[in-house]
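Chains as they are written, first to last, in the numbering used here: chain U, 1 to 559; chain L, 560 to 771; chain W, 772 to 1149.
For glycine and all other residues, C-beta sits at the position ideal for the given N, C-alpha and C.
Owing to the predicted nature of the structure, the values given are computational and were not obtained by experimental measurement.
To start, the structure itself, in structure tokens.
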Amino acid sequence: MATTALTPAASTYRSGLYAWLTTTDHKKIGIMYLINSFVFFFIGGLLVLAVRAELAQPGLQFVEDQFYNELFSMHATLMIFVFIIPILAGFANYVVPLQIGAPDMAFPRINALSFWMLPLGGGLLLLGFLTGGAAAAGWTSYPPLSEDRPLASVGSGQDLWIVGLVLIGTSSILGAINFLVTIFKMRAPGMTLFRMPILVWTVLVTSVLVLMATPVITSALIMLFIDRNYGGSFFDPRVGGDPVLYQNVFWFYSHPAVYVMILIAMGTVSEILPVFSRKPLFGYKAFVFATAGIGALGFSVWAHHMFTTGSVYLPFFSLMTFLIAVPTGVKMFNWIFTLWRGKLTLATPLLFALGFLSMFLIGGINGAFSAAVPVDFALHDTYWVVAHLHYVLFGGSVFGVMAGFYFYFPKMTGRMLNETVGKLQFVLMFIGFNLTFFPMHQLGLAGMPRRIADYSSAAGWNDLNLLATIGGFTIAVSMVPFLWNVFVSLRSGPIAGDDPWEGNTLEWATSSPPPPYNFDRLPEICSERPLFDLRHGRTHPAATMPDPGPAPQPTHSAG
Amino acid sequence: MASSSHALTPAEHSPVAGLAHDERGGISNPVLGMLLFITSEVMFFSGLFAAYFSVRASAPQWPPEEFSHTLQVLPLVGPATILLIASSFTCQFAVWAIRRDDRTAFLRNMAVTVALGVIFLVMQGLDYAQLGSEGLTLSSGTFGTTYYTLTGFHGAHVFGGVIMLSVVLYRGMAGQFSSRHHDAVEGASLYWHFVDVVWILLFSLLYLLPGK
Amino acid sequence: MSSTSMARPSRGSVTAVAIVVLLVVIGVAAVVLGFDLARAAQSFVDGLYPPRAVTAEGAQIRDLYTIVFLIAVAIFLIVEGLIIWTVIRYRRKPGDDTLPAQTHGNNLAETVWTVVPTLIVIFLFVVSWQTLNAVDTPAATPDTHIRAVAGQFQWQFDYLDNDGTTVLYTQNLATGEGGGMAVPAGRTVRLTLTSPDVIHAFYVPQFLFKRDVVPGRVNQFDFRVNEADAGQTFRGQCAELCGAGHRIMLFDVHAMTPTDFDAWLQERIQEQNATPPPRPSGEAGATVDISALNVAFEQAEVRVPAGAPFRIVFDNKDQGIPHNVAIHRDSPTGEELFQGEIFSGPDQREYEVPELDAGTYAFICTVHPNMTGTLLVE
Chain U
1 MATTALTPAA STYRSGLYAW LTTTDHKKIG IMYLINSFVF FFIGGLLVLA VRAELAQPGL
61 QFVEDQFYNE LFSMHATLMI FVFIIPILAG FANYVVPLQI GAPDMAFPRI NALSFWMLPL
121 GGGLLLLGFL TGGAAAAGWT SYPPLSEDRP LASVGSGQDL WIVGLVLIGT SSILGAINFL
181 VTIFKMRAPG MTLFRMPILV WTVLVTSVLV LMATPVITSA LIMLFIDRNY GGSFFDPRVG
241 GDPVLYQNVF WFYSHPAVYV MILIAMGTVS EILPVFSRKP LFGYKAFVFA TAGIGALGFS
301 VWAHHMFTTG SVYLPFFSLM TFLIAVPTGV KMFNWIFTLW RGKLTLATPL LFALGFLSMF
361 LIGGINGAFS AAVPVDFALH DTYWVVAHLH YVLFGGSVFG VMAGFYFYFP KMTGRMLNET
421 VGKLQFVLMF IGFNLTFFPM HQLGLAGMPR RIADYSSAAG WNDLNLLATI GGFTIAVSMV
481 PFLWNVFVSL RSGPIAGDDP WEGNTLEWAT SSPPPPYNFD RLPEICSERP LFDLRHGRTH
541 PAATMPDPGP APQPTHSAG
Chain L
560 MASSSHALTP AEHSPVAGLA HDERGGISNP VLGMLLFITS EVMFFSGLFA AYFSVRASAP
620 QWPPEEFSHT LQVLPLVGPA TILLIASSFT CQFAVWAIRR DDRTAFLRNM AVTVALGVIF
680 LVMQGLDYAQ LGSEGLTLSS GTFGTTYYTL TGFHGAHVFG GVIMLSVVLY RGMAGQFSSR
740 HHDAVEGASL YWHFVDVVWI LLFSLLYLLP GK
Chain W
772 MSSTSMARPS RGSVTAVAIV VLLVVIGVAA VVLGFDLARA AQSFVDGLYP PRAVTAEGAQ
832 IRDLYTIVFL IAVAIFLIVE GLIIWTVIRY RRKPGDDTLP AQTHGNNLAE TVWTVVPTLI
892 VIFLFVVSWQ TLNAVDTPAA TPDTHIRAVA GQFQWQFDYL DNDGTTVLYT QNLATGEGGG
952 MAVPAGRTVR LTLTSPDVIH AFYVPQFLFK RDVVPGRVNQ FDFRVNEADA GQTFRGQCAE
1012 LCGAGHRIML FDVHAMTPTD FDAWLQERIQ EQNATPPPRP SGEAGATVDI SALNVAFEQA
1072 EVRVPAGAPF RIVFDNKDQG IPHNVAIHRD SPTGEELFQG EIFSGPDQRE YEVPELDAGT
1132 YAFICTVHPN MTGTLLVE
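So this is what it looks like as structure tokens:
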């Protein structure tokens, strides 16, 4: 059992709420990212429960058209920008310095700034609901619908949306800079790039994507703002602008963004599978190259969101979209062969990781249909796309987030989550998820367009919509055991110890939770599984840790 | 380090100092951070430039008839460009000066750089006023929108750079920099060169390249 | 050296929980839905396929779908099967703390599962590119030219002459009796798409096809409805979010035999060009002016005398946007008493409205129901 005898956590000179509000400790900041993200996850979830309630049956029962447009626009905006992207950044914030043996991130104060811009940005987004209507032109906000003219987007909701997103985008970019400098410059001795944990690699590639792509959407948002408020002519055809220009600039960011929304979840899954199969990740280097390949290729496919505009060179984007399936497949096979001939323990983190594999498989496959351009002519802007995006983002990323949450909760809090309740959550979530989103394949094929508040009974979509609504509420129900588990375990879960899972990487070589600067001593690093090596006596004898002895430096913080 | 005879420096009191740390050298964390930040700024301007090229390519005539002679290199924009380029030189002189511990030259060159930056902004402002009086505004179709957006955001970045350099100048006057510790100077100068390069590109595109 | 603090889930508890939950959910669903599960299962499977295509292009797209679908199902079964098999076969036996073989990778395997998927996707790309060329290449000489104008929130169909520009007849009603886009089956129709306001999309599920309607740009595509489908009506709908009325932008496509279509079009052209009936003499009546600008009526309230027919002189000032004046009893959602002809601006029409009893009425625009005003009859 790999325990480390460390000095107890140093007491800080700030306490309570003030400590949290002013912290620059990556671990506290990471936890705040998680909390903030889950809050917006619930808000975004409530918004879409209203959508599903409305769509359960034909006829407008609960909301009016304009408000319905606000509901789904804000659902998507919140989920993308204030839930999934930040929560993955939050996990990265917590785990990366620990995994590379660093005491904190490279720029701790900028780290705190990055976090605090998020609740502010999210608040601005939501403020629209109170000032005459939130943004209602979809999370994509295509002009001219998002321009300031009658029957389009008059009112401040759209402007608040723009400003909120610029703020959140800036938070992301600063975070990316922080991660890159930390990863390049602060790894422990012996940890070469190809000995870094896979999670750190996914954070690296994600940060490159964020750094290069996010500023482009900032420029699109600013151009839209100028059109709306200063009589600009970027996108308004009435004054010489081009609506398709917006789409090109927007999707140049928003396609790489989908990899930002999943790569770190894939990294988390890549940490969990080896631990729970008791074997190393199969094909570590292939995995690294596949991840980098996805990042690079991700910049070349953006116009596959625009196949029906009549303004796109179709064969190129179709080819690149098909090609990006190859590195994704490489990863899928590497994951499966990590499990193959292993000795699997079906604990909750592994269950969610397996759910990730299965659901992401479906999401990747149904995406390939849209890569075939003529098929996309039938499927674009229908519920097929809603099915695809949720299979990859919910079935993929959210299941990955849940896997990571159950895996890292003990490290963050020192307590174990309840396994049975975790499994109950998994089963409910899995069933609810598939019940909600699988019928959307049929709905899309049958011709149900996206973003409509109501449909005619004559279209024959009633049963599938009702099914999807039941599934949606089942997902909501699955949040009950989740929250119960979190709050009860925080108070009275079993003590976790340093390394409850027999982990492979450095974060498990310190206490749970870790002390302020993470490590007193570090084991020698000779592979991508330093703790595994230590546990099985595969490090250089001189560097083994069990007996720390007197400190050679007179600099230990004594508390 | 353990048996030093001097009073322990703050670094040595730190619990972090006890950890073996990366001695690989190379560029410092703040400088790497600034380079990455500049990369993100390059991408931001790329979005704006892409919009400009797209708008320009699909316009029937560029510049439009009414503005065919509005953008003039003299008397303001051309000289302002020369001053901005000169300020990059003085900025680099400042960096070289502090690298060899010549604080006087560093402060002098940095002050000149800040002054040149301010003068550039003033000249840009005067130019905007002139253009406005000739009828070119943000709402003057695609030509006006792209002109003011591109030069306006560049100007905002110059303004940010002037602030950054002023802080560096202030800290320099307070004696906070030496040949061994001047990351902020390196970082700020890299940013300033970036701002200058963007202007050279912009100036060439907007003023020097013929339209159709 | 094995840990003792690793969580040991009991298989029994997992299974029990899962089964109970599953049964509850299915039970609730069945009760709530109250429908025939067998029929549902059948339509579930059928629904994984697009509808039968009614155009030549749509049929080719459906064939492409078949190819992609078969490959997709095969890949899913193989890979998901692998996952499930692995999870069942390689469960750790309780008490077994030994390590399995610590395989780090296999370069041959990596090569195989890089090369084979690459070949598969290249095949898919080639096949879809071929279909794209077949579907999207414009015909040399289309037989019929129609222009669909998408506005907020109504479709309008202009039947064009062979030069593709002269408007022979404008169909203002997109659905319902006498409405919809009539097309000749068995002939190539070239559809051009324009919009005066925001982005829309022309989508007919049974064509397996859609194309965006982008303001400032003219998109077009050709299609040919199967001869065998003459006499059928297909539903269409706007498929690009265009505002609060997005979901009401429906349209019908009526396929006719070529002879029926020609006759129909001739009738419509003659009706449109017919001289308007002479204004009935002696019924000068009151005249009230209503005008529309920027998708709003410029008058909030108008008055007419009760008990006599009256005339509305309606001035549509909005370039390219269709409006009309319709009168409803009491409020905009009340019973419709009169609907004037829908036409695009800038243009004027005079509506002859039969007499109304004294009271308060609402006038709205049928195309843009948010445009409302009050009509006081006294």
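Problem set entry | Given Thr22 (chain U) as reference, the closest of U:Ser492, U:Ser114, U:Gly59 once Cα atoms are compared | By one-based count along the first sequence, residue 22 (chain U) stands at place 22. Selected option, being the one with the closest Cα: U:Ser114.
For this session: Measure from the C-beta of Phe626 (chain L) to each C-beta in chain B and report whether the shortest distance is under 8 angstroms.
Result: This model lacks chain B altogether; the protein chains it does include are U, L and W.
Exercise. From Ile183 (chain U) to Ile100 (chain U), what distance separates their C-alpha atoms?
Worked result: Within the first sequence, numbered from 1, the residue matching residue 183 (chain U) stands at position 183. Within the first sequence, numbered from 1, the residue matching residue 100 (chain U) stands at position 100. Their Cα atoms are separated by approximately 8 angstroms.
Exercise. With a cut-off of 8 angstroms, does the C-beta of Leu6 (chain U) fall near any C-beta of chain L?
Worked result: Counting from 1 along the first sequence, the entry for residue 6 (chain U) is found at position 6. With a pLDDT of only 45 at Leu6 (chain U), under the threshold of 50, the placement of this residue in the model should not be trusted; the figure read from the coordinates follows. So no, Leu6 (chain U) is outside the interface.
Problem set entry | For Val938 (chain W) and Ser1115 (chain W), the rounded distance between their alpha carbons | Here residue 1115 (chain W) is taken as the residue at index 344 of the third sequence, counted from 1. Here residue 938 (chain W) is taken as the residue at index 167 of the third sequence, counted from 1. Going by the C-alpha atoms only, they are around 13 angstroms apart.
Problem set entry | Interfacial residues, the region 1092-1113 of chain W to chain U, with Cβ spacing under 8 angstroms | none
Problem set entry | Cβ of Met332 (chain U) within 8 angstroms of any chain W Cβ | Position 332 of the first sequence, counted from the first residue, corresponds to residue 332 (chain U). Yes, Met332 (chain U) counts as interfacial toward chain W.
Exercise. Got a sec, what are the start and stop residues for the beta strand (DSSP E) Ile1135 (chain W) sits in?
Worked result: The sequence position of residue 1135 (chain W) within the third sequence is 364, counting from 1. Segment 1130-1135, the beta strand (DSSP E) holding Ile1135 (chain W).
For this session: Using a cut-off of 7 angstroms between C-beta atoms, extract the partners of Ala972 (chain W) located in chain U.
Result: Here the question's residue 972 (chain W) lines up with position 201 in the third sequence. Neighbours of Ala972 (chain W) on chain U, chain order: Thr308, Asp381.
Exercise. Going by the C-beta, is Val249 (chain U) closer than 7 angstroms to any heavy atom of the ligand SAH?
Worked result: You won't find the ligand SAH in this model; it holds no ligand whatsoever.
Exercise. Between which two residues does the beta strand (DSSP E) containing Leu1021 (chain W) stretch?
Worked result: Position 250 of the third sequence holds residue 1021 (chain W). Segment 1021-1027, the beta strand (DSSP E) holding Leu1021 (chain W).
Problem set entry | Local Cβ density within 10 Å of Ala956 (chain W), reported as buried at 16 or more and exposed below that | Taking the third sequence and counting its residues from 1, one reaches residue 956 (chain W) at position 185. Buried: at least 16 other Cβ atoms inside 10 Å.
For this session: Mind reading off the beta-carbon distance from Pro1093 (chain W) to Gln991 (chain W)? Whole number of angstroms is fine, and I expect it under 8 angstroms.
Result: The residue given as residue 1093 (chain W) occupies position 322 in the third sequence. The residue given as residue 991 (chain W) occupies position 220 in the third sequence. That pair is no contact at about 21 angstroms.
Exercise. Could one say the Cβ of Trp1035 (chain W) lies closer than 8 angstroms to chain U's Cβ atoms, at least one of them?
Worked result: Counted from its first residue, the third sequence places residue 1035 (chain W) at position 264. So, not an interface residue.
Exercise. At a Cβ cut of 8 angstroms, what residues of the region 459-473 of chain U count as close to chain W, listed as they run along the chain?
Worked result: Ala459, Asp463, Leu464, Leu466, Leu467, Ile470
Problem set entry | Cβ neighbours of Leu167 (chain U) in the same chain (closer than 8 angstroms, five flanking residues each side left out) | On the first sequence, position 167 is the one that residue 167 (chain U) refers to. Within the same chain, Leu167 (chain U) has close Cβ partners Met117, Leu120, Gly121, Leu124.
For this session: Using a Cβ cut-off of 8 angstroms (strictly closer), state whether Met105 (chain U) contacts chain L.
Result: As a position in the first sequence, residue 105 (chain U) is number 105, starting the count at 1. No, its Cβ sits nowhere closer than 8 angstroms to a Cβ of chain L.
Problem set entry | Residues of the region 190-208 of chain U with Cβ closer than 9 angstroms to any Cβ of chain W, in chain order | none
Exercise. In terms of DSSP beta bridges, what is Cys1009 (chain W) paired with?
Worked result: If you number the third sequence from 1, residue 1009 (chain W) lands on position 238. W:Phe973.
Exercise. Are the CB atoms of Val1084 (chain W) and Asp1060 (chain W) nearer to each other than 8 angstroms?
Worked result: On the third sequence, residue 1084 (chain W) is found 313 positions in, with the first residue counted as 1. On the third sequence, residue 1060 (chain W) is found 289 positions in, with the first residue counted as 1. Going by C-beta atoms, Val1084 (chain W) is nearer than 8 angstroms to Asp1060 (chain W).
Problem set entry | Three-way DSSP call (helix, strand, coil) for Val1148 (chain W) in this model | In the third sequence, counting from the first residue as 1, residue 1148 (chain W) sits at position 377. It is a strand residue.
Exercise. Apart from the five residues just before and just after Arg278 (chain U), which ones in its own chain have a Cβ nearer than 7 angstroms to its Cβ?
Worked result: Working through the first sequence from its first residue, we reach residue 278 (chain U) at position 278. Same-chain partners within the cutoff: Gly342, Lys343.
Problem set entry | Among U:Ile84, U:Leu55, U:Pro143, the one whose alpha carbon lies nearest that of Phe38 (chain U) | For the purposes of this step, residue 38 (chain U) is taken as the residue at position 38 of the first sequence. Closest by alpha carbon: U:Ile84.
For this session: Compare the C-alpha of Ala845 (chain W) against each of W:Pro888, W:His1025, W:Val1075 and name the closest.
Result: As a working note, residue 845 (chain W) is residue 74 in the third sequence. The candidate whose alpha carbon is nearest that of Ala845 (chain W) is W:Pro888.
Exercise. Using DSSP with H/G/I as helix, E/B as strand and the rest coil, what is Ala1113 (chain W)?
Worked result: Counted from its first residue, the third sequence places residue 1113 (chain W) at position 342. The sequence given here places Ile at residue 1113 (chain W); Ala does not occur at that position. Here Ile1113 (chain W) sits in coil by DSSP.
Exercise. When DSSP labels each residue in this structure, what does Lys981 (chain W) get in the three-state scheme?
Worked result: Working through the third sequence from its first residue, we reach residue 981 (chain W) at position 210. Looking at Lys981 (chain W) - three-state DSSP - the assignment turns out to be strand.
Problem set entry | Where Pro494 (chain U) falls: helix, strand or coil (DSSP) | In the first sequence, the residue the question calls residue 494 (chain U) occupies position 494. It is coil, neither helix nor strand.
Exercise. Shorter than 8 angstroms from the beta carbon of Leu98 (chain U) to some beta carbon of chain L?
Worked result: Indexing the first sequence from 1 puts residue 98 (chain U) at position 98. Not one chain L Cβ lies under 8 angstroms of Leu98 (chain U).
For this session: Return the chain-ordered list of same chain residues with a C-beta closer than 7 angstroms to the C-beta of Ile1019 (chain W), the five sequence neighbours on each side being excluded.
Result: As a position in the third sequence, residue 1019 (chain W) is number 248, starting the count at 1. Correct list, in chain order: Phe924.
For this session: Kindly list, in the order they appear in chain L, the residues whose Cβ is closer than 9 angstroms to that of Gly298 (chain U).
Result: If you number the first sequence from 1, residue 298 (chain U) lands on position 298. The contacting residues do not exist; Gly298 (chain U) stays about 14 angstroms from chain L at best.
For this session: Can you give me the Cβ contacts of Met186 (chain U) inside the same chain, cut-off strictly under 7 angstroms, excluding the 5 residues immediately before and after it?
Result: Taking the first sequence and counting its residues from 1, one reaches residue 186 (chain U) at position 186. Once the five neighbours on either side are set aside, the close Cβ partners of Met186 (chain U) are Ile100, Ala102, Ala106.
For this session: State whether the region 451-471 of chain U contacts the region 49-57 of chain U, with contact taken as three or more CB pairs (one from each stretch) at a distance under 8 angstroms.
Result: yes
Exercise. For the region 275-293 of chain U against the region 331-351 of chain U, are there 3 or more C-beta pairs whose distance is under 8 angstroms?
Worked result: yes
For this session: Using the Cα positions of Ser15 (chain U) and Ile31 (chain U), report the straight-line distance between them to the nearest angstrom.
Result: To locate residue 15 (chain U), count along the first sequence from 1; it is residue 15. To locate residue 31 (chain U), count along the first sequence from 1; it is residue 31. One C-alpha to the other measures close to 16 angstroms.
For this session: With DSSP collapsed to three states, give me the class of Ser1062 (chain W).
Result: Stepping through the third sequence from its first residue, residue 1062 (chain W) is reached at position 291. Strand, per DSSP.
Exercise. In chain order, what residues of the same chain lie with their CB nearer than 6 angstroms to the CB of Gln1003 (chain W), ignoring the 5 residues before and after it?
Worked result: What you label residue 1003 (chain W) is simply residue 232 of the third sequence in a count that begins at 1. So the list reads Ala1026, once near-sequence residues are dropped.
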